[in-house]
Structure formats: C-alpha cells, structure tokens
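Quick note on the working numbering: the sequence shown kicks off at 78 and runs consecutively. All residues carry an ideal CB built from backbone N, CA and C; glycine is no exception. Data block below; observations after.
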Amino acid sequence: MGEASPLVQLDDTLPGVTRVVMLFNAENPGHLAVVKDTVRASTQLGLQLETHGYGARTIWQKYFRRQPPGVPRLSLSRMT
C-alpha cells in the first residue's frame with residue numbers, strides 16, 4: 078500500500094479509530110488482492126480490520142442500489 082492509502086488517510090483523519098470494516102465483492106478476483114493489501118496495511122497501523130465479502134446477489138448490493146438520495150456513503154477504496 079502506498080503512503081496515501083485509504084487506511085493511512087483514515088488513521089490521519091480519525092486517529093482514535095481502532096476497528097474498521099471492509100465490504101468487498103468476493104466474486105471479483107481483483108478485490109481479493111486489494112483485501113490482502115488492506116489487511117497488511119491495517120496490521121502495520123495497528124487497526125483491527127473486519128472483512129466481509131459479498132456476492133452479486135446479496136442484500137448488501139440491494140441496499141446500496143436502493144439507498145435514498147442524500148444518505149451519505151463512506152467509501153475508503155475505489156473498487157469497480
């Protein structure tokens with residue numbers, strides 16, 4: 078992970094945070110590499126990282142698709 082990684086930015090912005098949750102598309106092989114890098118970075122920063130993979134037909138994707146306008150989203154990584 079580079080020095081401007083999302084977890085480093087999070088740690089700089091919210092230094093009291095100790096636990097982070099990461100949602101990722103488990104059906105996308107490219108996301109698995111990002112998860113590995115994020116796990117490595119979280120260990121280096123002393124953060125407890127909880128990862129949750131989802132598939133194309135899960136409730137998570139339905140939730141994010143139906144999210145009403147104006148509801149904030151927290152996105153720390155750009156995964157397409």
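For N102, the beta-bridge partners assigned by DSSP are Y131.
Scanning P106, A103 and L84 for the CA closest to the CA of R96 turns up L84.
For P83, the enclosing alpha helix (DSSP H) stretches over residues P83 to T90. Rounded to whole angstroms, the Cβ separation of F101 and G130 is 6 Å, and the two are in contact under 8 Å. In the displayed model, L126 falls within a strand according to three-state DSSP.
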